[in-house]
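Rendered as structure tokens:
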């Protein structure tokens with residue numbers, strides 16, 4: 001279900017332009033109108049990472065909370081946003097609005113999911129909780145997405161009492177995402193504010209904007225920006241999204257079951273299946289529909 | 001440090017009036033200008049509790065996020081708000097802005113603190129984390145407040161693998177708050193969205209508004225409301241605050257080291273020390289200053 005938007009930068013950056021297009025898909029140019037959420041990881045003067053979140057159960061294209069997000073420029077190092085079309089889990093329930101957040105080893109981790117876990121995964125994972133075998137994290141709402149997130153974090157915290165090296169961590173997370181992708185339709189973004197992981201179970205695209213910057217035109221509205229006017233030559237901004245946001249830029253597609261990790265606007269980890277496959281947007285939408293999710 | 005505002009209701013209620021006064025203390029009528037946070041627990045159609053939070057590092061009296069909170073009426077069952085005057089922990093760091101939130105047994109728990117933990121408590125509790133003896137929750141920011149919250153939750157989760165009865169829970173939480181109060185200046189509000197606990201280490205007041213409703217005048221601004229116009233005869237709203245918000249209502253003071261739990265706007269649990277003492281507002285402010293906190 002739903003669509004994902006992520007951003008990773010090497011300097012605090014306002015996601016306003018991308019979000020202005022993305023939010024239109026929450027009720028105006030598309031039907032993801034059962035609420036939205038956005039998580040901003042911001043850097044303090046001393047380099048600490050703080051998180052703030054905005055959630056609303058109104059459609060993002062007209063939500064006053066989304067208006068605030070657009071008009072109050074928040075400069076963040078990492079952002080995860082999600083617009084929701086409810087398939088599993090009650091509509092109009094804030095506990096079901098992504099991104100979901102949990103503290104892991106003294107870090108805030110945000111997670112958003114697009115897809116649908118299988119009934120059998122949902123039953124088995126609920127049983128783990130009932131039997132007391134998933135002791136660290138428990139879902140608050142009723143979505144399959146939060147259940148998958150808690151599953152992943154319970155595995156992680158059981159495997160590592162303290163934070164392992166980035167390489168070990170990203171390899172472990174890729175393996176968990178592969179498992180989840182084998183048990184449902186699973187596209188996700190995960191960030192701890194310092195890095196952002198993107199896993200494509202079906203559809204996910206990215207681009208990295210850097211010098212020389214040019215103009216970009218939104219696909220979902222009459223809006224363009226010339227990034228030359230708002231950047232310095234050192235800026236690097238990666239944007240990750242379910243379906244490309246601009247009509248004149250070259251978006252890279254993430255292969256099915258490929259895992260990328262972005263840090264400071266660059267790719268720092270990549271795990272690609274030996275046989276690369278790519279879905280067309282039409283195939284991705286059809287697959288989502290066939291499993292009761294939506295794109 | 002800082003000031004607290006809480007609300008517990010038997011029907012979804014807009015905290016706008018109280019918040020309109022409270023936010024003035026964040027830079028206009030008082031000096032708590034190092035950011036603010038507010039957590040709303042809202043009920044979905046099926047009775048599920050969802051949480052949304054707003055945090056900003058701008059002073060609450062002029063913050064655009066606080067403007068949104070005031071103009072976008074959010075009707076909640078429980079609310080916890082906090083305005084911050086930084087004493088411990090970096091200013092301008094979102095990771096240090098209350099309320100702090102953690103998931104406990106599949107519930108979101110929000111916590112806000114006014115006071116200052118002792119250096120010895122801070123050292124000992126950091127040592128627990130370093131030695132791996134505080135495995136469930138770890139602070140993200142650098143405040144003594146979040147450290148105290150994590151201490152309390154680690155004790156709770158070690159003592160109870162699953163949620164105990166309310167009576168057992170409230171008794172346990174009172175004992176933990178007493179311990180924290182013996183190791184610092186400790187006023188706090190804690191809520192899981194269904195109940196709200198208020199513990200007074202020095203200053204905390206409450207009132208319960210119910211029929212017959214009357215008019216109320218804010219102490220911090222030229223604003224009044226006639227609650228008759230905006231309520232039904234069944235409504236019950238408890239408001240808890242560091243220093244009374246209105247000038248013409250009778251606020252009850254919570255005794256030093258007294259613990260109250262509110263549910264649906266009523267007191268459902270009370271643990272009062274055998275010898276009741278009350279501080280004057282002047283004494284409370286003087287005590288806060290003497291330990292390096294602020295009220």
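Protein chains in written order, with UniProt numbering: chain A, 1 to 295; chain B, 1 to 295.
Think of the CB as a built atom: it goes at the ideal place given N, C-alpha and C, for glycine as much as any other residue.
These figures come from a predicted structure and were not determined experimentally.
Quiz item: Taking 7 Å as the cut-off, is the CB of residue 127 of chain B close to at least one heavy atom of the ligand SAH?
Solution: Among the ligands in the structure shown, none appear at all, so the ligand SAH cannot be discussed.
Quiz item: Between the stretch 128–148 of chain B and chain A, which residues of the former have CB atoms less than 9 Å from a CB of the latter, in chain order?
Solution: Going along the stretch 128–148 of chain B in chain order, one finds 129, 132, 135, 136, 137, 138, 139, 140, 141 and 142 with a Cβ nearer than 9 Å to chain A.
Quiz item: What residues of chain E sit near residue 196 of chain A, judged by a beta carbon separation below 9 Å?
Solution: Checking the listed chains, one finds no chain E in this structure; the protein chains it contains are A and B.
Practice problem: Given a cut-off of 8 Å, decide if residue 57 of chain A and residue 35 of chain A are closer than it, judged by their beta-carbon atoms. | Solution: By 1-based counting over the first chain, the position of residue 35 of chain A is 35. By 1-based counting over the first chain, the position of residue 57 of chain A is 57. One thing to note: residue 35 of chain A has its Cβ within 8 Å of the Cβ of residue 57 of chain A.
Exercise. Using DSSP bridges, identify the partner residues of residue 241 of chain B.
Key: The residue you call residue 241 of chain B lines up with position 241 of the second chain. DSSP lists B:5 and B:205 as partners of residue 241 of chain B.
Quiz item: Taking the runs of the beta strand (DSSP E) that are 3 residues or longer, which of them lie wholly in the stretch 136–204 of chain B?
Solution: Taking only runs of at least 3 residues, the beta strand (DSSP E) segments lying wholly in the stretch 136–204 of chain B are 184–191 and 196–200.
Exercise. Express the C-alpha separation of residue 66 of chain B and residue 38 of chain B in angstroms, rounding to a whole number.
Key: The residue you call residue 38 of chain B lines up with position 38 of the second chain. The residue you call residue 66 of chain B lines up with position 66 of the second chain. Approximately 9 Å between the Cα atoms of the pair.
Quiz item: If you compare alpha carbons, which of A:237, A:84, A:255 and A:215 is closest to residue 248 of chain A?
Solution: In the first chain, counting from the first residue as 1, residue 248 of chain A sits at position 248. The shortest Cα separation from residue 248 of chain A among A:237, A:84, A:255 and A:215 belongs to A:215.
Self-check item: Cβ neighbours of residue 54 of chain A in the same chain (closer than 6 Å, five flanking residues each side left out)
Solution: By one-based count along the first chain, residue 54 of chain A stands at place 54. The answer, listed in chain order, is 38, 65 and 69.
Exercise. Compile a chain-ordered list of the residues in the stretch 63–80 of chain B whose CB is closer than 8 Å to at least one CB of chain A.
Key: Per Cβ criterion, the list reads 64, 65, 68, 71 and 72.
Quiz item: Which class does residue 17 of chain B belong to by DSSP, given the choice of helix, strand or coil?
Solution: Translated into positions along the second chain, residue 17 of chain B becomes position 17. Under the three-state reduction of DSSP, residue 17 of chain B is assigned to helix.
Quiz item: Rounded to the nearest angstrom, how far is the Cβ of residue 217 of chain B from that of residue 246 of chain B, given a contact under 8 Å?
Solution: As a first step, residue 217 of chain B must be located in the second chain, where it is residue number 217. As a first step, residue 246 of chain B must be located in the second chain, where it is residue number 246. Here residue 217 of chain B really is in contact with residue 246 of chain B; their C-beta atoms are around 6 Å apart, less than 8 Å.
Practice problem: Could you work out which residues of chain A lie near residue 51 of chain B, taking near to mean beta carbons separated by less than 9 Å? | Solution: The residue you call residue 51 of chain B lines up with position 51 of the second chain. Correct list: 55, 94, 95 and 140.
Exercise. Could you list which residues in chain A have their beta carbon closer than 8 Å to that of residue 105 of chain B, in chain order?
Key: As a working note, residue 105 of chain B is residue 105 in the second chain. In chain order: 138.
Quiz prompt | Positions along the stretch 29–52 of chain A whose CB lies within less than 8 Å of some CB in chain B | solution = Answer set for the stretch 29–52 of chain A: 42, 44, 45, 46, 48, 49, 50, 51 and 52.
Quiz item: Run through DSSP, which three-state label would residue 271 of chain A get?
Solution: Residue 271 of chain A sits at position 271 when you count from the first residue of the first chain. Reduced to three states, the DSSP call for residue 271 of chain A is strand.
Quiz item: Which residue's Cα is closest to the Cα of residue 24 of chain A: A:62, A:201, A:46 and A:15?
Solution: Here the question's residue 24 of chain A lines up with position 24 in the first chain. Closest by alpha carbon: A:62.
Quiz item: CA-CA distance, residue 155 of chain B and residue 174 of chain B?
Solution: Taking the second chain and counting its residues from 1, one reaches residue 155 of chain B at position 155. Taking the second chain and counting its residues from 1, one reaches residue 174 of chain B at position 174. Taking the straight line from one Cα to the other gives about 12 Å.
Quiz prompt | Nonlocal neighbours in the same chain, by C-beta distance under 7 Å from residue 272 of chain B, ignoring five residues either side | solution = Along the second chain, one-based indexing puts residue 272 of chain B at 272. The residues are 255 and 258.
Quiz prompt | Beta-carbon gap between residue 197 of chain B and residue 189 of chain B smaller than 8 Å | solution = Residue mapping note: residue 197 of chain B aligns to position 197 of the second chain, counting from 1. Residue mapping note: residue 189 of chain B aligns to position 189 of the second chain, counting from 1. For residue 197 of chain B and residue 189 of chain B, yes; Cβs fall inside 8 Å.
Practice problem: Assign residue 228 of chain B to one of three DSSP states: helix, strand, or coil. | Solution: Walking along the second chain from the start, residue 228 of chain B turns up at place 228. Shown here, residue 228 of chain B sits in a helix according to DSSP, grouped into three states.
Quiz item: Using 8 Å as the Cβ pair cut-off and three pairs as the minimum, do the stretch 70–77 of chain A and the stretch 158–169 of chain B touch?
Solution: The stretch 70–77 of chain A, when compared against the stretch 158–169 of chain B, does not touch it at the 8 Å Cβ threshold.
Quiz item: DSSP puts residue 55 of chain A in a beta bridge; with which residues?
Solution: If you number the first chain from 1, residue 55 of chain A lands on position 55. Per the DSSP secondary-structure output, residue 55 of chain A pairs in a beta bridge with A:37.
Quiz item: When DSSP builds the beta bridges, which residues end up paired with residue 104 of chain A?
Solution: Counting from 1 along the first chain, the entry for residue 104 of chain A is found at position 104. DSSP lists A:107 as partners of residue 104 of chain A.
Quiz item: Roughly how many whole angstroms lie between the Cα atoms of residue 261 of chain A and residue 280 of chain A?
Solution: As a first step, residue 261 of chain A must be located in the first chain, where it is residue number 261. As a first step, residue 280 of chain A must be located in the first chain, where it is residue number 280. One C-alpha to the other measures close to 23 Å.
Self-check item: Helix, strand or coil at residue 281 of chain B [DSSP, three-state]
Solution: Your numbering for residue 281 of chain B matches position 281 in the second chain. Helix at residue 281 of chain B.
Quiz item: What residue does the alpha helix (DSSP H) around residue 98 of chain B start on, and which one ends it?
Solution: Working through the second chain from its first residue, we reach residue 98 of chain B at position 98. For residue 98 of chain B, no alpha helix (DSSP H) run applies, since DSSP gives it neither H nor E.
Quiz prompt | Spatially closest choice to residue 94 of chain B from A:43, A:233 and A:278, by CA coordinates | solution = As a working note, residue 94 of chain B is residue 94 in the second chain. A:43 is the residue among A:43, A:233 and A:278 whose C-alpha sits nearest the C-alpha of residue 94 of chain B.
Quiz item: Roughly how many whole angstroms lie between the Cα atoms of residue 298 of chain A and residue 111 of chain B?
Solution: The requested residue 298 of chain A is not part of the displayed model; chain A covers only 1 to 295.
Quiz item: Quick one: what does DSSP say residue 291 of chain A is sitting in, helix, strand or coil?
Solution: Locating residue 291 of chain A in the first chain gives position 291, where the first residue counts as 1. DSSP places residue 291 of chain A in the coil class of the three-state scheme, outside both helix and strand.
Quiz item: Taking three-plus beta-carbon pairs below 8 Å as touching, is the stretch 136–150 of chain B in contact with the stretch 116–127 of chain B?
Solution: With the cut-off at 8 Å, the stretch 136–150 of chain B and the stretch 116–127 of chain B touch.
Quiz item: Would residue 226 of chain A pass as a contact of residue 210 of chain A if the rule is Cβ separation under 8 Å?
Solution: Within the first chain, numbered from 1, the residue matching residue 226 of chain A stands at position 226. Within the first chain, numbered from 1, the residue matching residue 210 of chain A stands at position 210. It is not a contact, given that the beta carbons lie outside the stated cut-off.
Quiz item: For residue 244 of chain B, which residues of its own chain have a beta-carbon under 6 Å away from its beta-carbon, when the five flanking residues on both sides are left out?
Solution: Residue mapping note: residue 244 of chain B aligns to position 244 of the second chain, counting from 1. Annotation for residue 244 of chain B: 205 and 251 place their beta carbon closer than 6 Å to its own, counting only its chain and skipping 5 residues before and after.
Practice problem: Alpha carbon to alpha carbon, how far is residue 21 of chain B from residue 221 of chain B? Give it in angstroms, no decimals. | Solution: Position 221 of the second chain holds residue 221 of chain B. Position 21 of the second chain holds residue 21 of chain B. Taking the Cα positions, residue 221 of chain B is about 6 Å away from residue 21 of chain B.
Quiz item: What does a CB cutoff of less than 8 Å around residue 81 of chain A pick up in its chain, not counting 5 residues either side in sequence?
Solution: Position 81 of the first chain, counted from the first residue, corresponds to residue 81 of chain A. Cβ-Cβ distances below 8 Å link residue 81 of chain A to 4, 5, 6, 15, 19, 22, 36, 37, 38, 39, 99 and 112 in the same chain, with the five nearest sequence neighbours on each side left out; the list follows chain order.
Quiz item: Of the residues that make up the stretch 160–182 of chain B, which ones have a beta carbon closer than 9 Å to any beta carbon in chain A?
Solution: Residues are counted here when their Cβ sits less than 9 Å from a Cβ of chain A; for the stretch 160–182 of chain B these are 161 and 162, given in chain order.
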